[in-house]
Amino acid sequence: MALLEFRHVWFRYPNTLTPVLQDCSVTLDKGRKTVVLGLNGSGKSTLFYLAAALYRCDRGELYWQGQRLVHQPDALRQWRQRVGLAFQDPEQQLVAATVAEDISYGLCNLELPTPELESRLEQALRDFDLLALAECPLHHLSLGQKRRVALAGVMALAPTLLLLDEPTTYLDHPQAEHLWAVLERIHAAGTTIVIATHDLDFAYRWADWVIILANGQVVVSDRADVIFSQWQTQAACQSLGIPALLKLWLSLPPAWRRQRLAPRTVEEFRQALGELFRDLLGHSST
Amino acid sequence: MHHHLDVYAYTNGLSHVHPQQKLLFGLALLLLTLEVSPPIQGLLWLWLNVWIVGYARIPWGVYYSLVGSMAVFWLFSLPALLVQVAPTAVATAPGQSLVGHLALGNWSFFVTSAGLMTALAAGLRTITAGTCLLFIVLTTPIPMLLGVLERWHLPSFLLDIVMLMYRYIFILLDTAVSLQLAQRARGGYQRRSRWLFSLSLLAAQLLRQSLQRYQATNLALVSRGFSGQFRVWRSRPCAYSRRYAVEAVMGTSLLLLLNFTLA
Chain A
1 MALLEFRHVW FRYPNTLTPV LQDCSVTLDK GRKTVVLGLN GSGKSTLFYL AAALYRCDRG
61 ELYWQGQRLV HQPDALRQWR QRVGLAFQDP EQQLVAATVA EDISYGLCNL ELPTPELESR
121 LEQALRDFDL LALAECPLHH LSLGQKRRVA LAGVMALAPT LLLLDEPTTY LDHPQAEHLW
181 AVLERIHAAG TTIVIATHDL DFAYRWADWV IILANGQVVV SDRADVIFSQ WQTQAACQSL
241 GIPALLKLWL SLPPAWRRQR LAPRTVEEFR QALGELFRDL LGHSST
Chain B
1 MHHHLDVYAY TNGLSHVHPQ QKLLFGLALL LLTLEVSPPI QGLLWLWLNV WIVGYARIPW
61 GVYYSLVGSM AVFWLFSLPA LLVQVAPTAV ATAPGQSLVG HLALGNWSFF VTSAGLMTAL
121 AAGLRTITAG TCLLFIVLTT PIPMLLGVLE RWHLPSFLLD IVMLMYRYIF ILLDTAVSLQ
181 LAQRARGGYQ RRSRWLFSLS LLAAQLLRQS LQRYQATNLA LVSRGFSGQF RVWRSRPCAY
241 SRRYAVEAVM GTSLLLLLNF TLA
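Protein sequences, first through last, are from chains A and B. The first sequence maps to residues 1 to 286 in the working numbering. The second sequence maps to residues 1 to 263 in the working numbering.
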């Protein structure tokens with residue numbers, strides 16, 4: 001089911017000549033794990049800013065479950081409550097002095113009664129493992145912790161659609177792994193997640209839908225298994241590089257790979273190799 | 001240094017005491033400083049040392065360097081407070097108790113004992129009053145102070161501005177340090193002629209980045225439902241301390257009593 005639709009959207013930043021997005025049409029479906037891939041300057045962040053109704057498109061329309069976005073204060077407030085956006089730089093997103101104050105900022109804007117506000121705040125702190133840091137000033141935190149606070153601040157508002165712009169930038173490997181675990185939990189709880197990333201390996205193992213942007217246009221929007229199976233033949237994909245696991249798979253002799261879908265995780269790869277060797281050994285014994 | 005001060009505000013020995021109690025105490029002592037005589041100000045300053053170094057356990061090196069920096073401001077103002085210029089006839093007239101005197105032609109630069117006493121009194125008052133504010137800053141985190149001021153019904157726009165400044169001052173400092181490191185890594189600040197140029201580049205970059213940060217903050221506020229007023233939930237995790245309250249009241253009363261006795 002379509003949650004958010006871009007229909008023929010054009011957008012150009014003031015004082016620039018070229019539009020960042022040109023006739024961009026794409027649908028974000030409910031419940032999917034979508035990644036948006038593209039080179040720098042392809043329009044990924046702008047797509048997210050428009051999706052969160054922070055910018056207004058020059059031409060074209062946005063629809064939420066079939067309802068057109070109207071730039072009226074009440075409609076915008078409602079829209080931004082549904083669409084949560086975590087910026088690429090968490091420092092950019094955090095506006096208050098301490099962790100608890102920052103997470104509560106969006107909740108206070110919803111004018112929730114105090115007991116509900118406190119309960120949602122505590123839940124967000126608990127979900128993102130921030131209880132011990134609740135009273136900590138933001139400038140005492142590491143970037144990984146700031147990323148968690150930024151996410152907690154967005155998730156406390158219980159958005160239906162969560163947009164994450166380059167979430168692993170600035171994170172080391174353990175922090176990135178922790179973030180993926182958190183995202184899995186959020187997705188399992190029913191939130192639709194869309195991630196803009198350069199991390200092809202992550203996209204390869206996580207996504208079930210892939211959107212590829214190039215020069216402000218959606219060049220591919222399809223199921224991840226379909227896209228990755230045609231990765232070598234798609235011109236738009238080639239410029240992005242190739243996921244390590246897929247590269248490894250493609251390095252095997254074509255005869256070995258026949259009839260098999262490319263494995264998406266290390267576990268699947270191990271299984272596929274096991275089957276392959278069993279086939280080869282069975283074939284040679286006969 | 002700024003980061004350290006902020007860390008002390010969160011980790012000092014009085015951090016568990018309610019911010020309102022510390023703020024009231026600090027402000028009461030500040031008012032007292034402005035009213036009492038210089039000897040009592042001296043006693044008050046010594047008593048504040050007990051609170052800051054003894055009870056709050058702020059390292060004395062940090063504390064006295066801050067007091068020292070206040071003293072530097074006072075030292076810079078000393079010439080204006082001490083030195084008087086007048087015709088030599090006036091300066092050397094009977095009744096003038098001169099401490100020092102330098103005649104240049106018909107004019108004299110001179111220091112009187114009354115001027116010296118005024119400068120010392122101003123210094124003592126400045127340092128004691130500054131120490132009262134240091135007590136508040138070193139023992140109470142700014143967000144907690146804002147919580148108290150909000151309960152005191154200070155205008156919300158003022159508190160919003162202070163909170164945003166508190167949030168962004170550290171980002172600005174970090175940015176400045178990073179930019180300066182980047183400049184030094186490429187030979188900036190090495191020669192006197194390049195020093196000023198590097199500094200001007202730093203200032204220009206800071207301005208540019210501040211404007212970018214301003215735009216980013218606008219987006220962040222809007223994306224999180226900003227509706228014209230900056231509202232956050234503030235916790236109240238601290239308790240009032242009876243022991244410190246009793247000591248504060250008794251000490252202040254004793255100082256007031258001494259002041260009236262000596263007057």
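Note that CB positions come from ideal geometry on N, CA and C, so glycine has one too.
- Excluding five sequence positions before and after D102/A, the CB atoms of its chain that fall closer than 7 Å to its own CB belong to L94, V95, A96, L138, V149 and G153, given in chain order.
- Annotation: the continuous beta strand (DSSP E) that includes Q217/A extends over Q217 to R223.
- Around Y49/A, the same chain offers Y55 as residues with beta carbons nearer than 7 Å, after the five sequence neighbours per side are excluded.
- The closest CA to that of H140/A, considering only I169/B, C132/B and Q96/B, is found on I169/B.
- Contacts with chain A at 7 Å (Cβ-Cβ) do not include S15/B.
- If you ignore the 5 residues before and after G106/A, its C-beta comes within less than 8 Å of the C-beta of G153, V154, A156 and L157, all in its own chain and listed in chain order.
- Look at A214/A here: in three-state DSSP terms it is strand.
- Here the region 183 to 194 of chain A does not lie against the region 234 to 251 of chain A, with fewer than 3 beta-carbon pairs under 8 Å apart.
- Within the region 96 to 125 of chain A, the residues whose Cβ lies closer than 9 Å to any Cβ of chain B are, in chain order, A96, A97, T98, A100, E101, D102, I103, S104, Y105, G106, L107, C108, N109, L110, E111, T114, L117, E118 and L121.
- Separation of G26/B and Q215/B (C-alpha to C-alpha, rounded to the nearest whole angstrom) is 38 Å.
- For Q22/A, the closest Cβ of chain B is not nearer than 7 Å.
- At least one CB of chain A lies nearer than 7 Å to the CB of G225/B.
- Interface with chain A (7 Å Cβ-Cβ cutoff): V62/B is excluded.
- Bounds of any beta strand (DSSP E) do not take in F128/A, whose DSSP letter is neither H nor E.
- Distance from the Cα of Y63/B is smallest, within the candidate group L46/B, K22/B, A182/B and L134/B, for L134/B.
- With a 10 Å radius around the Cβ and a threshold of 16 neighbouring Cβ atoms, D6/B comes out buried.
- Secondary structure at T169/A: coil, using DSSP grouped into helix, strand and coil.
- Under a 10 Å Cβ-count criterion, H8/A is classified as exposed, with fewer than 16 other Cβ atoms of the shown protein chains found around its own Cβ.
- The beta carbon of F170/B falls within 7 Å of a beta carbon belonging to chain A, placing the residue at that interface.
- For a Cβ distance threshold of 7 Å, residue set A96 and A97 of chain A lies close to M163/B, ordered along the chain.
- By the rule that beta-carbons nearer than 7 Å mark a contact, R147/A does not touch chain B.
- Bounds of the beta strand (DSSP E) holding Y63/A are R59 to W64.
- The Cβ neighbour count for W64/A, taken over all protein chains shown within 10 Å, is at least 16; the residue is labelled buried.
- By the C-beta density criterion, F228/A is buried, having at least 16 other C-beta atoms within 10 angstroms.
- Between the alpha carbons of A124/A and R234/B lies a gap of roughly 16 Å.
- Here R231/B is buried. Its C-beta has 16 or more other C-beta atoms within 10 Å.
- Taking 7 Å as the CB threshold, A52/A lines the interface with chain B.
- Residue nearest to A239/B within the set L14/B, N218/B and T126/B is L14/B (criterion: CA-CA distance).
- If you look at E150/B, you'll find it in the alpha helix (DSSP H) that goes I142 to R151.
- Contact annotation for A220/B against chain A: F87, Q92, Q93, L94 and V95 [CB-CB distance below 8 Å, chain order].
- Nearest in C-alpha terms to L161/A, of all of P263/A, Q81/A, F269/A and P113/A, is Q81/A.
- The beta carbon of G43/A sits closer than 6 Å to those of V20, L21, L213 and G216, all from its chain and outside the five residues before and after it, given in chain order.
- For W10/A, DSSP records a beta bridge to R59/A.
- Residues of the region 238 to 256 of chain A whose Cβ lies closer than 8 Å to any Cβ of chain B: none.
- Residues of chain A with a Cβ closer than 8 Å to the Cβ of T217/B are, in chain order, Q92 and V95.
- When only Cα atoms are considered, A51/A and S223/B end up about 11 Å apart.
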